[in-house]
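Q: The structure is given below, and queries will be raised subsequently.
And the structure:
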């Protein structure tokens, strides 16, 4: 039986990987996770911001407030390997 991971352990395994973050409101970000804290505030590098109106913006680095994050996942479009291994 596979061992269970706590949510923060799972996020920790994503450091250095490209992730996709869906925020409250009309924004979505994809970038390389460079760090996070106990409140799930995240620092992403090499970021692409996607608005739901179709516009995209490139950013070098961004800090995302954990209170506004709805969902985070590996960016499957970037071809990331599984973090469960």
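Residue numbers (full-length UniProt numbering): 1 to 85. We put the CB at the ideal spot given by N, CA and C, even for glycine.
#1: Could you tell me which uninterrupted alpha helix (DSSP H) segments, each at least 4 residues in length, are contained entirely in the stretch 17-77, listed from first to last along the chain?
#2: From the DSSP output, in three-state form, read off residue 15 for me.
#3: Pull up the CB-CB distance for residue 75 and residue 34, whole angstroms please, since I reckon it's below 8 angstroms.
#4: With a threshold of 7 angstroms (Cβ to nearest heavy atom), would residue 48 be considered close to the ligand COA?
#5: From residue 68 to residue 21, what does the alpha carbon distance come to, in whole angstroms?
A: Well, looking at it:
#1: Qualifying alpha helix (DSSP H) stretches: none in this window.
#2: The residue given as residue 15 occupies position 15 in the chain shown. Coil at residue 15, not helix or strand.
#3: For the purposes of this step, residue 75 is identified with residue 75 of the chain shown, where counting begins at 1. For the purposes of this step, residue 34 is identified with residue 34 of the chain shown, where counting begins at 1. About 14 angstroms separates the two Cβ atoms, so there is no contact after all.
#4: Of ligands this structure carries none, so the ligand COA is not represented either.
#5: Here residue 68 refers to the residue found at position 68 of the chain shown. Here residue 21 refers to the residue found at position 21 of the chain shown. Rounded to whole angstroms, residue 68 to residue 21 spans 10 angstroms at the Cα level.
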